[in-house]
Amino acid sequence: MEFSSYIFDANQRIFWLYLLSSLAIALVMIKLHPKYKSYFTKKILWSESSILDYKYFILNAFVKTFLILPLLIGANEVALILIQFLQTVFGYLQPLHVAKENVVLLYTLSLFIIGDFTRYWLHRFLHTSTLLWRFHRIHHSAEVLNPFTFYRVHPVENILFGLRHALSAGIVSAIFIYLFGAKIGTIEFFGTNIFVFIFGLLGANLRHSHIPLRYGIFEHLFISPYMHQLHHTKKHSHQNFGGVLSIWDKIFHTWHVQTTQENQIYGLEEKNPHTTVWSLFYEPFLRKI
Amino acid sequence: MKKYLLSLFILFLFLGCNSDNDYDAQNGLISGGIKDDTALTTLYEKVYRTDANSSYEAIISLVESLKNLNQTQNQINLQEVQTKFKLFVLEQKKLEATFLADVLNDNFLDTLGYMEYFHSGKNSDLVSELNAIFRSQTNLAEALYKNSNKSITSLEYTLFGEDENISSLLNKMDERRSHAGLLMGEKIATYSKLIKDFYINDESFLNSMEVSTSELLNQLIDSSYKLKEWRIGEATGIVKKYEGIIDKKKLEYYKSNFSIDAIIMILQTHLRILQNGLKSIASSAGATTQADAIEQTLQTAITLCKSFHAPLEDSLNDTKVKDLYNIVNVLQQEYTALIASMNFTQKIIEADGD
Numbered sequence: 001m002e003f004s005s006y007i008f009d010a011n012q013r014i015f016w017l018y019l020l021s022s023l024a025i026a027l028v029m030i031k032l033h034p035k036y037k038s039y040f041t042k043k044i045l046w047s048e049s050s051i052l053d054y055k056y057f058i059l060n061a062f063v064k065t066f067l068i069l070p071l072l073i074g075a076n077e078v079a080l081i082l083i084q085f086l087q088t089v090f091g092y093l094q095p096l097h098v099a100k101e102n103v104v105l106l107y108t109l110s111l112f113i114i115g116d117f118t119r120y121w122l123h124r125f126l127h128t129s130t131l132l133w134r135f136h137r138i139h140h141s142a143e144v145l146n147p148f149t150f151y152r153v154h155p156v157e158n159i160l161f162g163l164r165h166a167l168s169a170g171i172v173s174a175i176f177i178y179l180f181g182a183k184i185g186t187i188e189f190f191g192t193n194i195f196v197f198i199f200g201l202l203g204a205n206l207r208h209s210h211i212p213l214r215y216g217i218f219e220h221l222f223i224s225p226y227m228h229q230l231h232h233t234k235k236h237s238h239q240n241f242g243g244v245l246s247i248w249d250k251i252f253h254t255w256h257v258q259t260t261q262e263n264q265i266y267g268l269e270e271k272n273p274h275t276t277v278w279s280l281f282y283e284p285f286l287r288k289i
Numbered sequence: 290m291k292k293y294l295l296s297l298f299i300l301f302l303f304l305g306c307n308s309d310n311d312y313d314a315q316n317g318l319i320s321g322g323i324k325d326d327t328a329l330t331t332l333y334e335k336v337y338r339t340d341a342n343s344s345y346e347a348i349i350s351l352v353e354s355l356k357n358l359n360q361t362q363n364q365i366n367l368q369e370v371q372t373k374f375k376l377f378v379l380e381q382k383k384l385e386a387t388f389l390a391d392v393l394n395d396n397f398l399d400t401l402g403y404m405e406y407f408h409s410g411k412n413s414d415l416v417s418e419l420n421a422i423f424r425s426q427t428n429l430a431e432a433l434y435k436n437s438n439k440s441i442t443s444l445e446y447t448l449f450g451e452d453e454n455i456s457s458l459l460n461k462m463d464e465r466r467s468h469a470g471l472l473m474g475e476k477i478a479t480y481s482k483l484i485k486d487f488y489i490n491d492e493s494f495l496n497s498m499e500v501s502t503s504e505l506l507n508q509l510i511d512s513s514y515k516l517k518e519w520r521i522g523e524a525t526g527i528v529k530k531y532e533g534i535i536d537k538k539k540l541e542y543y544k545s546n547f548s549i550d551a552i553i554m555i556l557q558t559h560l561r562i563l564q565n566g567l568k569s570i571a572s573s574a575g576a577t578t579q580a581d582a583i584e585q586t587l588q589t590a591i592t593l594c595k596s597f598h599a600p601l602e603d604s605l606n607d608t609k610v611k612d613l614y615n616i617v618n619v620l621q622q623e624y625t626a627l628i629a630s631m632n633f634t635q636k637i638i639e640a641d642g643d
């Protein structure tokens, strides 16, 4: 993967337009609430935790590209295996006569909803399983949040998310291809799924920041950056597991918002064991449960 | 200083690193994005319009020969009609292999069904119906009131019987039977003209590349499935429904022994579709490997078909038939893989880390 694609590809969280929109939202919020200016200073952006994020982002990109990618099964492979299975069990089905536009809309929506649902559960398991938490805690070890904290993820977690994606997208795609054949496709904007684009534009990068952007009553449907910041606090780290939709947290009783805007303390309950890039990689393997 | 060096390093990596690897975990699905605009026009021109025209010319030529047979009922004319029938049927197979008129215009939904009566499960009924019509004294045009009685399948029986030799057929080829053949030919020509005129005048196929490519791929998968199951598997007892039962009457042209030629023509049409546009469209959507695999499989299947020393009707016990079935099965799977590859550029925002 080209490094430049991280900022020039709308499929990436730090796509320039998403960064720009988040910056614009942050500036408006600082204008409205001058006290937020303190969340957007060199002290935050060049803190030890942030610098660790930047270094780790670069190193882990290589790990993902050269060590993980060649080993992972893709959604494509899962879809093909499953289509064959469906055809063997239920027989060949002549593609249903439905307008492509409708199939594309339904497919785009299904990918988004199923993807978000599986992301919720994997994220929840990463917290509730002792074994998985040792890997996920490196993400939560960030004591200061910035957009690159998003990439502070252990390679084992990358693999798990890769498999989750392969399975969820592969299953959805297989069902759609089985029913509608080649009529599948996604609604795109700037070359990415429309829902991903909207999510990116609505301040997704503020999720890993200290700017408490809230969505008001829409927080019953969507995870606001503030809700995700709460998830990064020591106190509420076992709540708000959702990616984009908060309905999963609602349904499975992990939804949390609060009206008080107290100063949040991010990071782990225990002493942070991750002070170097290398410790982020190896510490989960050495740690005693 | 360290901060500036780090910033410079990050910037350098952003701009300088080049690798075309995509990490699946951070990617989702977006459509591959078909970019070759001219491919569809070329394909429509070189395959659809050309084949519709050829098929129409072939049926007109056949109708002319049927007129001659209707006047003479002699061996020369019968043999000429049989030859022309084969030429027309093979042209018709090209058209049928990737028929899209029914998708583009609802008026054509039943056209192919009216033109041909294969795989309706009532072939034996058709033969007895036709025999009754040939024997009866009622007005022929009225007797042939059913669409199935004016189909290519009926015409095949009229001209070939059930794989009968020429002298036996000549004995049966009276004025009524040859006249029935002419009426069938004329009816088929009417449909053929409708299809030709539609393809020549209608441009809706060219309106949306995404939609047309989807429909085309669906048609290719459907065609390969029917080729495998209906045209090979059922007669040879490979499919579950007829497991172990070999029955040449389940072949598409068992009366005229043209079944293998029809299969070759269908496969060649797939190949022409690929080489006259689909491959280019697939490549533009990042699925060159899959398109190449399909091309290779089609060539293998065609070569295998051409290696049959006897008509398929007499080769149903040959192991090559099972091989052919398996190859077409692979072809069907490769089309599915092509669909998946054209839709799985797999780029979504990184899902990890939340």
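As given, the protein sequences belong to chains V and Z, one line each in that order.
Using the working numbering, the first residue of the first sequence is number 1, and each one after it goes up by one.
Using the working numbering, the first residue of the second sequence is number 290, and each one after it goes up by one.
We put the beta carbon where it would ideally sit given N, CA and C, even for glycine.
For clarity, every value in this text was computed on a predicted model and none was experimentally measured.
Exercise. Consider the Cβ of Asn146/V: report whether some Cβ of chain Z lies at a distance smaller than 8 Å.
Key: No, no contact with chain Z.
Quiz item: Using a beta-carbon distance cut-off of less than 8 Å, what residues from the stretch 247-269 of chain V approach chain Z?
Solution: none
Practice problem: Could you name the residues of chain V that Glu628/Z contacts, counting a contact when the two beta carbons are closer than 7 Å? | Solution: Before going further, note that residue 628/Z is Ile rather than Glu in the sequence given. In chain order: Ile177, Gly181 and Ala182.
Self-check item: Trp248/V classed as buried or exposed, judged by whether at least 16 other C-beta atoms fall within 10 angstroms
Solution: That one is buried.
Quiz prompt | Within chain Z, partners of Asn272/V - CB distance below 7 Å | solution = Neighbours of Asn272/V on chain Z: none; closest Cβ ~17 Å, over 7 Å.
Self-check item: Within chain Z, partners of Tyr226/V - CB distance below 8 Å
Solution: Near Tyr226/V there are no residues of chain Z at all, since even the closest Cβ is about 14 Å away, more than 8 Å.
Quiz item: Between which two residues does the alpha helix (DSSP H) harbouring Ala478/Z extend?
Solution: Looking at the DSSP string, the run of the alpha helix (DSSP H) that includes Ala478/Z is Glu464 to Asn490.
Quiz prompt | Residue-level contact to chain V via CB, Gln585/Z, 8 Å cutoff | solution = no
Quiz prompt | Proximity below 8 Å, CB of Gly243/V to CB of Ile223/V | solution = yes
Quiz item: Can you list the alpha helix (DSSP H) stretches of 4 or more residues lying completely in the stretch 199-274 of chain V, in chain order?
Solution: Runs of the alpha helix (DSSP H) inside the stretch 199-274 of chain V: 225-231 and 247-251.
Quiz prompt | 7 Å Cβ cut-off: residues of chain V touching Thr625/Z | solution = Leu80, Ile83 and Ile177
Practice problem: Give a yes or no on whether the minimum CB-CB distance between Gly185/V and chain Z is below 8 Å. | Solution: yes
Quiz item: Is the shortest distance between the beta-carbon of Lys100/V and the beta-carbons of chain Z less than 8 Å?
Solution: yes
Quiz prompt | chain V residues whose Cβ lies nearer than 7 Å to that of Asn632/Z | solution = Ile184 and Gly185
Quiz item: Who are the Cβ neighbours of Lys382/Z in its own chain at under 6 Å, not counting the five residues just before and after it?
Solution: Ala551, Met554 and Ile555
Practice problem: May I have the straight-line CA-CA distance separating Tyr266/V from Tyr6/V, to the nearest angstrom? | Solution: 26 Å
Quiz item: Hey, does Leu329/Z have any beta-carbon neighbour from chain V nearer than 8 Å?
Solution: no
Quiz item: What in chain Z is Cβ-close to Tyr92/V, meaning under 7 Å?
Solution: Tyr514
Quiz item: Going along the stretch 479-507 of chain Z in order, which residues come within less than 9 Å of chain V, judged by CB to CB distance?
Solution: Ser497, Glu499, Val500, Thr502, Ser503, Glu504, Leu505, Leu506 and Asn507
Exercise. Below 8 Å CB to CB, which residues in the same chain sit around Glu452/Z once its five sequence neighbours on both sides are set aside?
Key: Sequence inspection shows Asp at residue 452/Z; the Glu mentioned does not correspond to that position. Tyr543, Lys544, Ser545, Asn546 and Glu602.
Quiz item: Taking only beta-carbon atoms, is Asp581/Z less than 8 Å away from chain V?
Solution: no
Quiz item: Nearest-angstrom Cα distance between Ile175/V and Arg164/V?
Solution: 17 Å
Self-check item: Residues sharing a beta bridge with Asn193/V, DSSP
Solution: BP columns for Asn193/V point to Glu188/V.
Quiz item: Is the number of C-beta pairs between the stretch 395-410 of chain Z and the stretch 491-505 of chain Z that are closer than 8 Å three or more?
Solution: no
Quiz item: Of the residues Tyr178/V, Ile184/V and Lys250/V, which one's Cα is nearest the Cα of Leu109/V?
Solution: Ile184/V
Exercise. Using three-state DSSP, classify Lys43/V as helix, strand or coil.
Key: helix
Quiz item: Alpha carbon to alpha carbon, how far is Gln315/Z from Tyr480/Z?
Solution: Per-residue confidence for Gln315/Z stands at a pLDDT of 35, beneath the threshold of 50, marking its modelled position as unreliable; no derived number is given.
Exercise. For Ala478/Z, collect the residues of the same chain with a Cβ closer than 7 Å to its Cβ; drop the 5 residues on either side in sequence, then sort them by chain order.
Key: Ile348, Ile349 and Val352
Quiz item: Mind checking if Ser173/V is an interface residue toward chain Z, Cβ cutoff 8 Å exclusive?
Solution: yes
Quiz item: Are the stretch 365-372 of chain Z and the stretch 456-476 of chain Z touching, with three or more C-beta to C-beta distances below 8 Å?
Solution: yes
Quiz item: How far does the alpha helix (DSSP H) with Trp16/V in it reach, from first residue to last?
Solution: Trp16 to Leu32
Quiz item: Which residue spans inside the stretch 492-577 of chain Z form an unbroken alpha helix (DSSP H) run of at least 4?
Solution: DSSP runs (the alpha helix (DSSP H)) wholly in the stretch 492-577 of chain Z: 498-517, 548-562 and 568-573.
Quiz item: From Met631/Z to Leu105/V, what does the alpha carbon distance come to, in whole angstroms?
Solution: 17 Å
Quiz item: Under a CB-based cut-off of 8 Å, is Pro212/V close to chain Z?
Solution: Cβ-Cβ to chain Z under 8 Å: no for Pro212/V.
Quiz item: Exposed or buried, Asn158/V, counting other C-beta atoms within 10 Å across all chains shown (16 or more means buried)?
Solution: buried
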